[in-house]
Amino acid sequence: MNNKYKKLFETVTLPNGVSLRNRFVLAPLTHTSSNDDGTISDVEISYIEKRAKDVGLAINAASNVNDIGKAFPGQPSVAHDSDIEGLKRLATAMKKNGAKALVQIHHGGAQALPELTPNGDVVAPSPVSMKSFGQQQEHHAREITTEEIEQTIKDFGEATRRAIEAGFDGVEIHGANHYLIHQFFSPYYNRREDEWGDHLKFPLAVIDEVLKVKETYANKDFIVGYRLSPEEAESPGISMEHTEKLIKTITKKAIDYVHISIMDIHSQTREGKYEGEERLKLIHQWVDGRMPVIGIGSVFTADDALDAVESTGIELVALGRGILLDYNFIHKIEEGKEEEIISYFDPNREDKHALPPNLWEQFNKGFYPLPRKDK
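Note that my numbering has the sequence shown beginning at 552, numbered continuously upward.
What follows is the structure in C-alpha coordinates.
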(Lines of atoms letter the chains of each structure in order from A and count residues from 1; the text may use other names and numbers.)
(Lines give C-alpha, C1' and ligand atoms only; values in the text may rest on other atoms or scores of the structure.)
Protein backbone atom coordinates (compact mmCIF):
# COMPACT_ATOMS: atom_id res chain seq x y z
CA MET A 1 0.00 0.00 0.00
CA ASN A 2 1.10 3.55 -0.73
CA ASN A 3 1.84 5.07 2.69
CA LYS A 4 -0.24 8.15 1.89
CA TYR A 5 -3.44 6.03 2.15
CA LYS A 6 -2.70 4.40 5.51
CA LYS A 7 -5.04 6.84 7.26
CA LEU A 8 -7.96 5.27 5.37
CA PHE A 9 -7.22 1.91 6.99
CA GLU A 10 -7.11 3.09 10.59
CA THR A 11 -9.68 1.53 12.92
CA VAL A 12 -12.59 3.62 14.14
CA THR A 13 -14.29 2.96 17.48
CA LEU A 14 -17.98 3.74 17.91
CA PRO A 15 -19.48 5.09 21.18
CA ASN A 16 -20.80 1.61 22.03
CA GLY A 17 -17.24 0.24 21.91
CA VAL A 18 -17.50 -1.56 18.56
CA SER A 19 -14.37 -1.23 16.42
CA LEU A 20 -14.58 -0.84 12.64
CA ARG A 21 -11.55 -2.21 10.79
CA ASN A 22 -11.17 0.80 8.47
CA ARG A 23 -12.76 4.13 7.55
CA PHE A 24 -14.73 2.84 4.57
CA VAL A 25 -18.52 2.48 4.59
CA LEU A 26 -20.70 0.81 1.97
CA ALA A 27 -23.43 3.38 1.42
CA PRO A 28 -27.08 2.23 1.49
CA LEU A 29 -27.65 2.10 -2.26
CA THR A 30 -31.00 1.71 -4.02
CA HIS A 31 -30.58 -1.39 -6.18
CA THR A 32 -34.22 -2.17 -7.17
CA SER A 33 -33.30 -5.87 -7.09
CA SER A 34 -35.26 -7.47 -4.25
CA ASN A 35 -38.18 -9.74 -5.06
CA ASP A 36 -41.50 -8.03 -5.80
CA ASP A 37 -42.76 -8.88 -2.31
CA GLY A 38 -39.69 -7.30 -0.71
CA THR A 39 -37.98 -10.54 0.21
CA ILE A 40 -34.28 -10.87 -0.51
CA SER A 41 -33.32 -12.15 -3.98
CA ASP A 42 -30.36 -14.29 -5.04
CA VAL A 43 -28.99 -11.54 -7.30
CA GLU A 44 -29.09 -9.13 -4.36
CA ILE A 45 -27.01 -11.48 -2.22
CA SER A 46 -24.27 -11.77 -4.83
CA TYR A 47 -24.22 -8.03 -5.43
CA ILE A 48 -24.01 -7.04 -1.75
CA GLU A 49 -21.39 -9.65 -0.84
CA LYS A 50 -18.98 -8.19 -3.41
CA ARG A 51 -19.52 -4.61 -2.21
CA ALA A 52 -19.32 -5.41 1.51
CA LYS A 53 -16.20 -7.56 1.46
CA ASP A 54 -13.59 -4.85 2.19
CA VAL A 55 -15.45 -2.09 4.08
CA GLY A 56 -15.52 -1.58 7.83
CA LEU A 57 -19.27 -0.89 7.87
CA ALA A 58 -21.81 -2.10 5.30
CA ILE A 59 -25.33 -0.67 5.08
CA ASN A 60 -28.02 -2.38 3.04
CA ALA A 61 -30.40 -0.51 0.75
CA ALA A 62 -33.27 1.44 2.31
CA SER A 63 -35.71 -1.18 3.62
CA ASN A 64 -39.36 -0.29 4.16
CA VAL A 65 -40.70 -0.70 7.70
CA ASN A 66 -44.33 -1.03 6.58
CA ASP A 67 -46.21 -1.59 3.35
CA ILE A 68 -47.46 1.98 2.95
CA GLY A 69 -43.87 3.24 3.11
CA LYS A 70 -42.59 1.39 0.03
CA ALA A 71 -40.87 3.88 -2.27
CA PHE A 72 -38.99 1.83 -4.89
CA PRO A 73 -39.64 -1.14 -7.14
CA GLY A 74 -37.49 -4.01 -5.92
CA GLN A 75 -37.10 -2.45 -2.46
CA PRO A 76 -36.12 -4.81 0.37
CA SER A 77 -38.68 -5.13 3.15
CA VAL A 78 -38.18 -5.38 6.89
CA ALA A 79 -41.91 -4.97 7.53
CA HIS A 80 -42.94 -8.56 8.22
CA ASP A 81 -41.64 -11.49 10.25
CA SER A 82 -41.79 -13.48 7.01
CA ASP A 83 -38.94 -11.28 5.73
CA ILE A 84 -36.55 -12.52 8.42
CA GLU A 85 -35.34 -15.70 6.70
CA GLY A 86 -34.16 -13.76 3.65
CA LEU A 87 -32.66 -11.07 5.85
CA LYS A 88 -30.62 -13.74 7.62
CA ARG A 89 -29.07 -14.70 4.27
CA LEU A 90 -28.36 -11.05 3.56
CA ALA A 91 -26.73 -10.46 6.95
CA THR A 92 -24.52 -13.53 6.51
CA ALA A 93 -23.36 -12.36 3.08
CA MET A 94 -22.62 -8.83 4.27
CA LYS A 95 -20.66 -10.05 7.33
CA LYS A 96 -18.85 -12.87 5.54
CA ASN A 97 -15.52 -11.07 5.18
CA GLY A 98 -15.48 -9.04 8.39
CA ALA A 99 -17.66 -5.99 7.81
CA LYS A 100 -20.25 -4.88 10.35
CA ALA A 101 -23.64 -5.21 8.64
CA LEU A 102 -26.56 -2.81 9.07
CA VAL A 103 -30.08 -2.49 7.69
CA GLN A 104 -31.23 1.01 6.77
CA ILE A 105 -34.79 1.28 8.11
CA HIS A 106 -36.93 3.51 5.94
CA HIS A 107 -40.39 4.90 5.21
CA GLY A 108 -41.00 6.74 1.96
CA GLY A 109 -43.72 9.04 3.29
CA ALA A 110 -44.85 11.30 0.45
CA GLN A 111 -42.32 9.59 -1.83
CA ALA A 112 -43.92 6.17 -1.51
CA LEU A 113 -45.18 4.93 -4.89
CA PRO A 114 -48.96 4.44 -5.16
CA GLU A 115 -48.51 1.43 -7.45
CA LEU A 116 -46.54 -0.31 -4.67
CA THR A 117 -48.68 0.55 -1.61
CA PRO A 118 -51.96 -1.00 -0.43
CA ASN A 119 -54.87 0.59 -2.33
CA GLY A 120 -52.49 3.20 -3.77
CA ASP A 121 -52.50 5.02 -0.43
CA VAL A 122 -49.63 7.45 0.29
CA VAL A 123 -49.15 9.45 3.50
CA ALA A 124 -47.09 12.48 4.53
CA PRO A 125 -46.95 14.86 7.51
CA SER A 126 -49.13 17.30 5.55
CA PRO A 127 -50.95 16.92 2.21
CA VAL A 128 -48.61 17.31 -0.76
CA SER A 129 -48.36 16.34 -4.42
CA MET A 130 -45.02 15.38 -5.93
CA LYS A 131 -43.11 13.13 -8.31
CA SER A 132 -40.90 10.42 -6.87
CA PHE A 133 -38.75 7.53 -8.10
CA GLY A 134 -39.02 7.31 -11.90
CA GLN A 135 -42.45 8.97 -12.05
CA GLN A 136 -43.56 11.12 -14.97
CA GLN A 137 -46.69 12.42 -13.23
CA GLU A 138 -47.23 13.72 -9.71
CA HIS A 139 -49.12 11.68 -7.16
CA HIS A 140 -50.92 12.93 -4.05
CA ALA A 141 -50.07 12.12 -0.45
CA ARG A 142 -52.70 12.66 2.23
CA GLU A 143 -52.03 13.81 5.79
CA ILE A 144 -51.06 10.93 8.06
CA THR A 145 -53.30 10.55 11.12
CA THR A 146 -52.12 10.69 14.72
CA GLU A 147 -52.88 6.99 15.15
CA GLU A 148 -50.89 6.15 12.02
CA ILE A 149 -47.96 8.24 13.27
CA GLU A 150 -47.87 6.30 16.52
CA GLN A 151 -48.09 2.99 14.64
CA THR A 152 -45.31 4.03 12.26
CA ILE A 153 -43.00 4.75 15.19
CA LYS A 154 -43.75 1.23 16.47
CA ASP A 155 -43.06 -0.10 12.95
CA PHE A 156 -39.54 1.35 13.07
CA GLY A 157 -39.10 -0.48 16.36
CA GLU A 158 -40.44 -3.76 14.97
CA ALA A 159 -38.14 -3.43 11.96
CA THR A 160 -35.24 -3.08 14.39
CA ARG A 161 -36.32 -6.24 16.21
CA ARG A 162 -36.36 -8.13 12.92
CA ALA A 163 -32.89 -6.84 12.06
CA ILE A 164 -31.67 -8.13 15.43
CA GLU A 165 -33.31 -11.52 14.89
CA ALA A 166 -31.80 -11.75 11.40
CA GLY A 167 -28.30 -11.32 12.82
CA PHE A 168 -27.46 -7.80 11.69
CA ASP A 169 -24.97 -5.75 13.68
CA GLY A 170 -27.21 -2.68 13.69
CA VAL A 171 -29.63 -0.37 11.92
CA GLU A 172 -29.39 3.03 10.31
CA ILE A 173 -32.45 5.26 10.73
CA HIS A 174 -33.13 6.94 7.38
CA GLY A 175 -33.87 10.56 8.21
CA ALA A 176 -32.62 11.95 4.88
CA ASN A 177 -33.45 12.44 1.20
CA HIS A 178 -37.02 13.74 1.56
CA TYR A 179 -38.44 10.53 3.05
CA LEU A 180 -40.86 10.42 5.98
CA ILE A 181 -38.55 11.30 8.89
CA HIS A 182 -36.96 14.07 6.83
CA GLN A 183 -40.45 15.29 5.92
CA PHE A 184 -41.48 15.61 9.55
CA PHE A 185 -38.34 17.65 10.25
CA SER A 186 -38.88 19.90 7.21
CA PRO A 187 -40.89 23.15 7.47
CA TYR A 188 -41.87 22.61 3.83
CA TYR A 189 -43.42 19.17 4.27
CA ASN A 190 -44.61 19.48 7.86
CA ARG A 191 -47.19 22.25 8.26
CA ARG A 192 -49.21 20.52 10.95
CA GLU A 193 -50.80 22.46 13.79
CA ASP A 194 -50.99 19.57 16.25
CA GLU A 195 -48.21 18.23 18.51
CA TRP A 196 -46.53 16.57 15.50
CA GLY A 197 -45.96 20.00 14.00
CA ASP A 198 -42.94 20.16 16.32
CA HIS A 199 -40.27 19.35 13.75
CA LEU A 200 -38.05 17.44 16.16
CA LYS A 201 -40.79 15.33 17.74
CA PHE A 202 -41.09 12.57 15.15
CA PRO A 203 -37.34 12.05 14.49
CA LEU A 204 -36.69 11.87 18.23
CA ALA A 205 -39.63 9.51 18.80
CA VAL A 206 -38.24 7.11 16.16
CA ILE A 207 -34.75 7.24 17.68
CA ASP A 208 -36.16 6.58 21.15
CA GLU A 209 -38.25 3.64 19.91
CA VAL A 210 -35.28 2.06 18.14
CA LEU A 211 -33.08 2.49 21.21
CA LYS A 212 -35.80 0.97 23.40
CA VAL A 213 -35.99 -2.08 21.14
CA LYS A 214 -32.20 -2.36 21.15
CA GLU A 215 -32.22 -2.37 24.95
CA THR A 216 -34.90 -5.07 25.00
CA TYR A 217 -33.62 -7.44 22.33
CA ALA A 218 -29.94 -6.73 21.65
CA ASN A 219 -26.69 -6.12 23.50
CA LYS A 220 -24.65 -2.93 23.71
CA ASP A 221 -22.69 -3.89 20.57
CA PHE A 222 -25.78 -3.35 18.39
CA ILE A 223 -25.12 -0.23 16.30
CA VAL A 224 -27.70 2.53 15.80
CA GLY A 225 -26.91 5.27 13.28
CA TYR A 226 -28.88 8.19 11.88
CA ARG A 227 -28.76 9.56 8.34
CA LEU A 228 -29.80 13.13 7.52
CA SER A 229 -29.84 15.67 4.71
CA PRO A 230 -28.44 18.97 5.97
CA GLU A 231 -30.23 21.47 3.73
CA GLU A 232 -33.02 21.44 1.17
CA ALA A 233 -33.94 23.65 -1.77
CA GLU A 234 -37.66 23.87 -0.92
CA SER A 235 -38.91 27.03 0.74
CA PRO A 236 -39.44 27.27 3.61
CA GLY A 237 -37.11 24.29 3.93
CA ILE A 238 -34.47 22.77 6.16
CA SER A 239 -31.60 25.21 6.66
CA MET A 240 -28.18 24.63 8.15
CA GLU A 241 -29.45 26.41 11.25
CA HIS A 242 -32.17 23.75 11.54
CA THR A 243 -29.55 21.06 11.02
CA GLU A 244 -27.34 22.52 13.73
CA LYS A 245 -30.23 22.15 16.18
CA LEU A 246 -30.94 18.59 15.00
CA ILE A 247 -27.29 17.53 15.27
CA LYS A 248 -26.85 19.00 18.74
CA THR A 249 -30.04 17.24 19.89
CA ILE A 250 -29.67 13.75 18.43
CA THR A 251 -25.98 13.41 19.33
CA LYS A 252 -27.02 13.56 22.98
CA LYS A 253 -28.86 10.27 22.36
CA ALA A 254 -27.19 6.85 22.61
CA ILE A 255 -26.63 6.58 18.86
CA ASP A 256 -23.29 5.60 17.36
CA TYR A 257 -22.80 7.83 14.32
CA VAL A 258 -24.43 10.40 12.06
CA HIS A 259 -24.38 9.95 8.29
CA ILE A 260 -24.64 13.06 6.13
CA SER A 261 -26.33 12.60 2.75
CA ILE A 262 -24.89 15.01 0.17
CA MET A 263 -23.86 14.68 -3.48
CA ASP A 264 -20.39 16.16 -3.02
CA ILE A 265 -18.04 15.97 -0.05
CA HIS A 266 -17.25 19.67 -0.40
CA SER A 267 -20.81 20.92 -0.96
CA GLN A 268 -21.40 24.34 0.53
CA THR A 269 -24.24 25.87 2.50
CA ARG A 270 -26.74 27.49 0.17
CA GLU A 271 -27.88 30.45 2.26
CA GLY A 272 -28.34 31.89 5.74
CA LYS A 273 -25.92 32.32 8.62
CA TYR A 274 -23.47 29.73 7.26
CA GLU A 275 -23.72 30.58 3.54
CA GLY A 276 -20.67 29.42 1.59
CA GLU A 277 -19.26 27.22 4.36
CA GLU A 278 -18.76 23.51 3.71
CA ARG A 279 -21.56 21.49 5.23
CA LEU A 280 -19.47 18.54 6.38
CA LYS A 281 -16.93 20.71 8.16
CA LEU A 282 -19.71 22.53 10.00
CA ILE A 283 -21.45 19.31 11.03
CA HIS A 284 -18.20 17.76 12.20
CA GLN A 285 -17.65 20.81 14.41
CA TRP A 286 -21.19 20.56 15.83
CA VAL A 287 -20.84 16.85 16.62
CA ASP A 288 -17.72 17.84 18.56
CA GLY A 289 -16.26 14.37 18.88
CA ARG A 290 -19.30 12.75 20.49
CA MET A 291 -19.48 10.16 17.69
CA PRO A 292 -18.09 9.52 14.21
CA VAL A 293 -19.46 11.38 11.21
CA ILE A 294 -19.93 9.56 7.89
CA GLY A 295 -19.56 11.70 4.79
CA ILE A 296 -20.45 10.77 1.23
CA GLY A 297 -20.47 12.46 -2.13
CA SER A 298 -18.63 11.94 -5.44
CA VAL A 299 -15.83 9.74 -4.12
CA PHE A 300 -14.52 7.95 -7.23
CA THR A 301 -10.77 7.63 -6.51
CA ALA A 302 -8.41 6.84 -3.65
CA ASP A 303 -7.42 10.51 -3.52
CA ASP A 304 -11.09 11.53 -3.28
CA ALA A 305 -11.49 9.25 -0.26
CA LEU A 306 -8.34 10.55 1.43
CA ASP A 307 -9.30 14.15 0.78
CA ALA A 308 -12.73 13.56 2.29
CA VAL A 309 -11.17 12.47 5.58
CA GLU A 310 -8.26 14.90 5.70
CA SER A 311 -9.98 18.07 4.55
CA THR A 312 -13.28 17.81 6.46
CA GLY A 313 -12.24 15.91 9.59
CA ILE A 314 -14.89 13.19 9.14
CA GLU A 315 -14.05 9.81 10.61
CA LEU A 316 -15.75 7.62 7.99
CA VAL A 317 -16.19 7.95 4.23
CA ALA A 318 -19.06 6.20 2.46
CA LEU A 319 -18.66 4.80 -1.04
CA GLY A 320 -21.69 4.93 -3.27
CA ARG A 321 -21.41 5.15 -7.04
CA GLY A 322 -17.63 4.56 -6.75
CA ILE A 323 -17.97 1.08 -5.26
CA LEU A 324 -20.81 0.25 -7.65
CA LEU A 325 -18.46 0.89 -10.57
CA ASP A 326 -15.62 -1.11 -8.98
CA TYR A 327 -16.31 -3.51 -6.13
CA ASN A 328 -12.53 -3.90 -5.70
CA PHE A 329 -12.14 -0.17 -4.96
CA ILE A 330 -10.74 -0.70 -1.46
CA HIS A 331 -8.72 -3.83 -2.26
CA LYS A 332 -6.91 -2.03 -5.06
CA ILE A 333 -5.83 0.71 -2.64
CA GLU A 334 -4.59 -1.94 -0.20
CA GLU A 335 -2.62 -3.61 -2.97
CA GLY A 336 -1.01 -0.37 -4.16
CA LYS A 337 -3.03 -0.53 -7.37
CA GLU A 338 -5.18 2.55 -6.78
CA GLU A 339 -4.48 3.71 -10.35
CA GLU A 340 -6.44 0.68 -11.57
CA ILE A 341 -9.69 1.70 -9.87
CA ILE A 342 -12.53 1.88 -12.41
CA SER A 343 -13.93 5.35 -11.88
CA TYR A 344 -16.36 5.62 -14.79
CA PHE A 345 -19.31 3.68 -16.19
CA ASP A 346 -18.51 1.63 -19.27
CA PRO A 347 -21.69 0.32 -20.94
CA ASN A 348 -19.61 -2.07 -23.05
CA ARG A 349 -17.96 -3.98 -20.20
CA GLU A 350 -18.67 -7.68 -20.53
CA ASP A 351 -19.06 -8.05 -16.75
CA LYS A 352 -21.41 -5.04 -16.60
CA HIS A 353 -19.51 -3.88 -13.50
CA ALA A 354 -20.97 -6.92 -11.65
CA LEU A 355 -24.18 -4.93 -11.14
CA PRO A 356 -27.66 -6.46 -10.80
CA PRO A 357 -29.49 -6.21 -14.15
CA ASN A 358 -31.99 -3.59 -12.97
CA LEU A 359 -29.28 -1.34 -11.53
CA TRP A 360 -27.06 -1.71 -14.61
CA GLU A 361 -30.00 -0.68 -16.78
CA GLN A 362 -30.54 2.45 -14.67
CA PHE A 363 -26.86 3.35 -14.99
CA ASN A 364 -26.96 2.76 -18.72
CA LYS A 365 -29.99 5.03 -19.12
CA GLY A 366 -28.32 7.82 -17.12
CA PHE A 367 -30.72 7.59 -14.16
CA TYR A 368 -27.88 8.55 -11.79
CA PRO A 369 -25.19 11.18 -12.51
CA LEU A 370 -21.77 9.57 -12.85
CA PRO A 371 -18.65 9.66 -15.06
CA ARG A 372 -19.05 7.63 -18.26
CA LYS A 373 -16.56 6.22 -20.74
CA ASP A 374 -18.90 6.90 -23.67
CA LYS A 375 -19.37 10.62 -22.94
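All C-beta atoms, glycine included, are put in the ideal place defined by N, C-alpha and C.
- Between the alpha carbons of E885 and A717 lies a gap of roughly 31 Å.
- Shortest Cα-Cα distance from S790 to any of G660, Y825, G748 involves Y825.
- By alpha-carbon distance to G917, the top candidate from R821, A905, P898, V563 is P898.
- By the Cβ rule, the segment 615-634 counts as touching the segment 662-681, because three or more pairs are nearer than 8 Å.
- K647 counts as exposed, since fewer than 16 other beta carbons sit within 10 angstroms of its beta carbon.
- Residue range 635-646 is occupied by the alpha helix (DSSP H) that includes M645, with no beta strand (DSSP E) assigned at that position.
- DSSP places Q655 within a strand segment (E or B) once states are collapsed to three.
- Within the segment 828-911, the runs of beta strand (DSSP E) at least 3 residues long that lie entirely inside it are, in chain order, 844-846, 867-870.
- In the three-state reduction of the DSSP assignment, I700 falls in the helix class.
- In the structure shown, the three-state DSSP call for L559 is helix.
- Taking a cut-off of 8 Å on C-beta distances, the segment 838-849 touches the segment 857-868, as three or more cross pairs fall below it.
- In the same chain as H631, and ignoring 5 residues on each side of it, no C-beta atom comes closer than 6 Å to its own.
- For G607, the closest alpha carbon among the candidates N573, N586, Y598, V594 is that of N573.
- Straight-line measurement puts the Cα of G823 at about 25 Å from the Cα of S677.
- Ranked by Cα distance from T668, the first of D618, T696, A642, L641 is D618.
- Judged by DSSP in its simplified three-state form, I811 adopts strand.
- Among the bridge pairs identified by DSSP, E723 is matched with Q655, G776.
- With a cutoff of 9 Å on beta-carbon distance, A652 and D720 are scored as near each other.
- Closest by C-alpha distance to I700, out of R712, V616, N670, T562, is V616.
- The alpha carbon of L638 has as its nearest neighbour, out of L833, P922, H729, N586, the alpha carbon of N586.
- A straight-line Cα-Cα distance of about 12 Å links S786 and R821.
- Nearest neighbour of D807 by Cα position, chosen from R712, N567, G887, M552, turns out to be N567.
- Counting along the chain, the unbroken beta strand (DSSP E) around E694 starts and ends at 690-694.
- Looking only at R923, T852, K752, the smallest Cα-Cα distance to F880 is reached by T852.
- The alpha helix (DSSP H) runs of length 4 or more contained entirely in the segment 553-632 are, from start to end of the chain, 593-603.
- Around the beta carbon of M842, a 10 Å sphere encloses 16 or more other beta carbons of the protein chains shown; the residue is thus reported as buried.
- The beta carbon of Q913 is closer than 8 Å to those of T583, Y919 in its chain, skipping five residues each way along the sequence.
- Shortest Cα-Cα distance from G726 to any of E783, Q626, E561 involves E783.
- Here V764 is near E709, since their CB atoms are less than 9 Å apart.
- With a threshold of 16 other beta carbon atoms within 10 Å, Y895 falls short and is exposed.
- F560 and A859 have their C-alpha atoms spaced approximately 14 Å apart.
- In this structure V569 touches D772 by the C-beta definition: roughly 5 Å separates them, less than 8 Å.
- For a cut-off of 8 Å, the C-beta gap from V850 to I816 is around 7 Å, short enough to register as a contact.
- The alpha-carbon of E766 is positioned some 12 Å away from that of I758.
- A650 carries a coil assignment under DSSP once its states are collapsed to helix, strand and coil.
- Nearest neighbour of Q626 by Cα position, chosen from D605, K752, A642, F684, turns out to be F684.
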